[in-house]
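Residue numbering for the sequence shown follows our numbering, starting at 1084 and increasing by one per position.
First the structure, in the form of structure tokens, and then the observations on it.
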Amino acid sequence: LQENSALQIIMQIFHNSTFPTFLLTGVPGLEWAHAWISIPFCCLYLTALSGNTLILFVVLTEPSLHEPMYYFLSMLSTTDIGLCISTLVTVLGIFWLNAREISFNACLSQMFFIHLFTFMESSVLLAMAFDRFVAISNPLRYATILTHARIAQIGLAVITRGTVILTPLVLLLKRLSFCRSHVLHHSYCFHPDVMKLSCSDAKINSAFGLTAIISTAGVDSIFILLSYVLIIRSVLNIASPEERKKAFSTCISHITAVAIFYIPLISLSFVHRFGKHSPPYVPTLIANIYLLIPPVMNPIIYSVKTKQIQKAVLKLVCSKGTHI
């Protein structure tokens, strides 16, 4: 019976011909102001893309930053750039041109990359927590534990994990029929949003989506919390109060990055699952915060809190100034 049901799902995936054209949504009730609303969105996208590109360029070109902590930071910047690019076209297309239509396959592609970069960011934040734990609890072995080869393996594992989890999640949507409203509630394609428009039985999709978020962001958050329990224990074992303060100060940027990533993500998940009667602008507001605030804030946080990044950026700016 299980083999037959699996076969039926596969047949549905490849033979479903009811693929619709979806309509994306800007800010409900404020369609008349979309041109004005696009201004802060443009500023946020420019800030996110330029800030993360600068961090990535500085880490790759400055030899003093060729250390595990900054390699993980460059991975974080890469995921933030990918997240911005994944939504930029549809978001600004709605605000500037009222281009709301998106084909089913284009919607699935966008959804895949949005969720992929989200899962990757969660994994990178976990890797950064492990980096801080090793640096504080075992500084003498830090360079031997987090070698270049091991960092490359972690990066490959981050990409592979997200791809393996998301591929069946996206393919399962192809077995569904969409005969209800084709209006999505966001300016981009989001899995729970697309799934709700189906008139087929979406229990498998819902269960798989919940499993995906728990096995990625859920598991990562637990291990990040565990890492900080061990970090605090290691810090408390340091005799000097000054050394304790110095050791824990290296974690402030990462803690802030974790907070601005997980709080909007959890809020958006709760709104989609339990906020059926919330005003229409609430999911839109949280969805935009979830996508744009981490990419905008991460470069600022690490530039302000990390002296090595500050020095590298100033060195780059000064060298450009002297050439001019």
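Each residue gets a CB set at the ideal place from its N, CA and C atoms; glycine is no exception.
Nearest by alpha-carbon distance to residue i: which of the options is it?
i, options, result
"PRO1366", "PHE1273, ILE1392, SER1160", "PHE1273"
"SER1186", "ILE1315, HIS1265, MET1380", "HIS1265"
"ARG1316", "ALA1330, ILE1305, SER1304", "ALA1330"
"PHE1291", "LEU1252, VAL1318, PHE1202", "LEU1252"
"ARG1215", "LEU1308, ALA1118, SER1386", "LEU1308"
"VAL1174", "ILE1242, ARG1327, VAL1400, LEU1368", "LEU1368"
"GLY1176", "PHE1196, ILE1305, TYR1271", "TYR1271"
Any idea what DSSP makes of residue i, helix, strand or coil?
i, result
"TYR1186", "Per the sequence shown, the amino acid found at residue 1186 is Ser instead of Tyr. Residue state, collapsed to three classes: strand."
"VAL1341", "helix"
"THR1104", "strand"
"PHE1110", "A quick correction: the sequence has Val, not Phe, at residue 1110. VAL1110: coil per DSSP, three-state reduction."
Would you say residue i and residue j are within 9 angstroms of each other, going by their C-beta atoms?
i, j, result
"GLY1109", "PHE1178", "yes"
"SER1206", "ALA1235", "no"
"GLY1134", "PRO1378", "yes"
"PRO1347", "TYR1311", "no"
"LEU1229", "ASP1303", "no"
"PHE1202", "ALA1300", "yes"
"ALA1295", "ILE1248", "yes"
Can you say whether residue i is buried or exposed, counting buried as having 16 or more other CB atoms within 10 angstroms of its CB?
i, result
"ARG1224", "exposed"
"GLU1184", "exposed"
"CYS1262", "exposed"
"GLU1204", "buried"
"SER1147", "exposed"
"PHE1353", "exposed"
"PRO1151", "buried"
"ARG1258", "buried"
"GLU1086", "Model confidence at GLU1086 stands at a pLDDT of 48, short of 50, so the residue's coordinates are unreliable; what they give is reported in the following sentence. The residue is exposed, with fewer than 16 neighbouring Cβ atoms inside 10 Å."
If residue i and residue j are in contact, beta carbons under 8 angstroms, what's the gap, nearest whole angstrom?
i, j, result
"THR1161", "LEU1129", "Not quite, the Cβ-Cβ distance comes to about 18 angstroms (not below 8 angstroms), so this is no contact."
"ALA1218", "THR1333", "7 angstroms"
"LEU1267", "PHE1102", "No, LEU1267 and PHE1102 are not in contact; Cβ-Cβ is about 15 angstroms, not under 8 angstroms."
"VAL1396", "VAL1141", "6 angstroms"
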